[in-house]
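Chains as they are written, first to last, in my numbering: chain A, 1 to 245; chain B, 246 to 409. By construction, the Cβ of each residue, glycine as well, lies at the ideal position given by its N, Cα and C atoms. A short worksheet on the structure shown next.
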């Protein structure tokens with residue numbers, strides 16, 4: 001792998017900010033965070049100490065991006081392969097260092113260098129093309145809603161599933177699997193919100209509130225996905241958006 | 246939740262005109278307002294709850310989740326640790342979409358498996374789709390005799406249609 005050093009330097013400069021620089025410089029490798037991590041609790045090895053996950057990023061900054069490909073491959077495997085970004089370790093850190101945020105920044109470096117894990121990259125592509133990461137079409141979405149509403153009306157005749165209604169209090173959003181693989185989940189959400197009698201709507205265009213850009217560390221694409229849902233919520237003038245479970 | 250609730254306003258550099266809300270908050274608010282009627286003690290089997298990093302540790306839905314559980318479950322058992330200190334389900338941060346790191350993920354589920362086993366629960370309620378897969382893999386790989394159920398399904402079963 002040849003390294004595009006210009007892109008790498010630009011990415012490192014983009015990610016550098018007061019918070020990131022402070023965290024990288026104050027981590028004293030005390031190891032208190034070890035107890036916070038389920039990778040370490042399950043399998044106590046030095047490379048499972050959360051502070052270790054910051055090391056590839058520290059190396060990159062120290063060497064101002066003048067590194068060989070193995071450093072970047074290590075960074076990718078450490079930041080994607082040994083962390084769920086659950087933030088538990090931060091509760092054990094005496095400085096409150098946001099290790100998950102640093103891992104996220106490291107993932108951003110991997111993305112810029114073309115090292116996004118293929119599974120995440122594929123889902124992200126779907127999300128940008130279809131508005132949801134499983135590639136469900138608008139027709140399929142509308143049909144699934146209609147089908148589950150009919151099922152629900154058998155036990156709850158007054159049930160409704162308003163679509164693209166302006167001025168509702170809540171906008172319902174889902175995980176795409178609720179539509180594509182487990183429509184029973186959609187049934188349950190409609191049942192709960194109809195039972196509670198809240199004033200809600202759904203959107204035919206923006207109903208997936210998951211964000212694979214966040215997981216990948218791809219802030220540019222994550223922003224586009226978030227904007228799709230946020231702009232819809234604002235256009236529909238809802239007071240609140242109910243996220244996917 | 247994390248993207249729209251916490252990160253997106255910074256990514257996009259603007260404040261939204263709406264609030265991003267976890268489903269647990271809406272259910273608990275409706276329960277407290279008396280608009281959502283649930284059958285008390287509907288679920289009798291021993292049950293525990295997986296606190297999700299984003300809904301509990303980040304969005305602070307600990308009390309709301311317990312308020313709902315205490316209505317519908319008669320034998321609720323906490324994991325130790327739980328709440329903000331709970332161990333991750335193991336499937337956050339996109340782990341579900343990175344098969345190349347699956348072995349490391351499964352090895353790291355042991356901490357969670359021990360917690361679930363100690364409760365003796367037969368059902369683990371999860372309020373997040375990532376947790377759903379993570380806990381399912383935990384039960385499968387560590388041979389736990391417990392099923393995984395989404396919070397929405399667990400509550401929807403207990404909806405009191407006469408009362409609503």
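Helix, strand or coil: which one does DSSP assign to residue i?
| i | result |
| --- | --- |
| residue 404 of chain B | strand |
| residue 364 of chain B | helix |
| residue 208 of chain A | strand |
| residue 242 of chain A | strand |
| residue 374 of chain B | helix |
| residue 145 of chain A | helix |
| residue 270 of chain B | helix |
| residue 87 of chain A | coil |
| residue 115 of chain A | coil |
| residue 395 of chain B | strand |
| residue 278 of chain B | helix |
| residue 252 of chain B | helix |
| residue 130 of chain A | helix |
| residue 252 of chain A | Lying outside 1 to 245, the shown extent of chain A, residue 252 of chain A is not represented and no answer is given. |
| residue 32 of chain A | helix |
| residue 52 of chain A | helix |
| residue 301 of chain B | helix |
| residue 253 of chain A | No information on residue 253 of chain A is available, as it lies outside the stretch 1 to 245 that chain A covers here. |
| residue 154 of chain A | helix |
What's the call for residue i, buried or exposed, on a 16-neighbour Cβ count within 10 Å?
| i | result |
| --- | --- |
| residue 406 of chain B | exposed |
| residue 117 of chain A | buried |
| residue 364 of chain B | buried |
| residue 258 of chain A | The displayed coordinates of chain A run from 1 to 245. Any statement about residue 258 of chain A would go beyond what the structure contains. |
| residue 256 of chain B | buried |
| residue 66 of chain A | exposed |
| residue 174 of chain A | buried |
| residue 158 of chain A | exposed |
| residue 181 of chain A | exposed |
| residue 147 of chain A | exposed |
| residue 53 of chain A | buried |
| residue 259 of chain B | exposed |
| residue 6 of chain A | exposed |
| residue 44 of chain A | exposed |
| residue 253 of chain B | buried |
| residue 245 of chain A | buried |
| residue 210 of chain A | buried |
| residue 262 of chain B | exposed |
| residue 163 of chain A | exposed |
| residue 79 of chain A | buried |
| residue 277 of chain B | exposed |
| residue 14 of chain A | exposed |
| residue 17 of chain A | exposed |
Please go through the same chain and pick out, in chain order, the residues whose beta-carbon is closer than 6 Å to the beta-carbon of residue i, but skip the five residues on each side of it.
| i | result |
| --- | --- |
| residue 403 of chain B | 283, 284, 287, 317 |
| residue 185 of chain A | 178 |
| residue 396 of chain B | 370, 372 |
| residue 408 of chain B | 282 |
| residue 299 of chain B | 246, 247 |
| residue 193 of chain A | 200 |
| residue 83 of chain A | 53, 103 |
Once you ignore the five residues that flank residue i on each side, which residues in its own chain have a CB closer than 8 Å to its CB?
| i | result |
| --- | --- |
| residue 96 of chain A | 90 |
| residue 314 of chain B | 292, 294, 321, 370 |
| residue 129 of chain A | 135 |
| residue 87 of chain A | 98, 99, 100 |
| residue 243 of chain A | 173, 209 |
| residue 133 of chain A | 123, 124, 126, 127, 176, 208, 210, 212 |
| residue 32 of chain A | 92, 93, 94 |
| residue 431 of chain B | Residue 431 of chain B cannot be examined here, being either before or after the span of chain B that is shown, 246 to 409. |
Starting from the C-beta of residue i, find all residues in its chain whose C-beta is less than 7 Å away, skip the five residues before and the five after it, and write them out in chain order.
| i | result |
| --- | --- |
| residue 360 of chain B | 324, 325, 332 |
| residue 206 of chain A | 131, 228, 229, 232 |
| residue 190 of chain A | 148, 149, 152, 159, 161 |
| residue 106 of chain A | 56, 57, 75, 79 |
### Message
I'd like to know if the segment 348 to 356 of chain B and the segment 377 to 385 of chain B are in contact, where contact means that at least 3 CB-CB pairs between them fall below 8 Å.
### Response
yes
#### Entry: Segment contact flag, the segment 301 to 313 of chain B with the segment 222 to 236 of chain A, C-beta cutoff 8 Å, min 3 pairs
no
### Query
Touching or not, the segment 101 to 119 of chain A and the segment 18 to 33 of chain A, by the rule of three or more beta carbon pairs under 8 Å?
yes
### Task
For the segment 336 to 346 of chain B and the segment 266 to 281 of chain B, state whether three or more C-beta atom pairs, one from each stretch, are separated by less than 8 Å.
no
### Query
Residues in the segment 355 to 382 of chain B with C-beta within 7 Å of chain A's C-beta atoms, listed in sequence order?
355, 356, 357, 372, 373, 374
### Query
Quick one, which residues of the segment 277 to 288 of chain B are near chain A if we go by CB-CB under 8 Å, in chain order?
280, 281, 282
#### Entry: the segment 250 to 263 of chain B: positions lying closer than 8 Å to chain A by Cβ
250, 252, 253, 256, 257, 261, 262, 263
### chain B contacts from the segment 199 to 215 of chain A (Cβ-Cβ distance under 8 Å)
209, 210, 211, 212, 213, 214, 215
### Message
Tell me whether the segment 188 to 199 of chain A and the segment 217 to 229 of chain A touch, counting them as touching only if at least three CB pairs, one residue from each stretch, are closer than 8 Å.
### Response
no
### Message
Closer than 9 Å between beta carbons: that is the criterion. Which residues of the segment 101 to 119 of chain A meet it against chain B?
### Response
103, 104, 107, 117, 118, 119
### Query
At a Cβ cut of 7 Å, what residues of the segment 126 to 143 of chain A count as close to chain B, listed as they run along the chain?
none
### Task
Give, in chain order, every residue of the segment 308 to 341 of chain B whose Cβ lies closer than 9 Å to some Cβ of chain A.
329, 330, 331, 332, 333, 334, 335, 336, 337, 338, 339, 340, 341
#### Entry: Cβ contact (3+ pairs, closer than 8 Å) linking the segment 151 to 169 of chain A and the segment 206 to 225 of chain A
no
### Query
the segment 39 to 55 of chain A: which residues have C-beta closer than 9 Å to a C-beta of chain B, in chain order?
39, 40, 41, 42, 43, 48
### Query
Which residues, in chain order, does the segment 383 to 396 of chain B contribute to contact with chain A at a C-beta distance below 8 Å?
395, 396
### Message
At a CB distance below 7 Å, what residues from the segment 54 to 86 of chain A approach chain B? Give them in sequence order.
### Response
80, 81, 82, 83, 84, 85, 86
### Query
What residues in the segment 219 to 240 of chain A bring their beta carbon closer than 7 Å to a beta carbon of chain B?
219, 222, 223, 226, 227, 229, 230, 233, 234, 238, 239, 240
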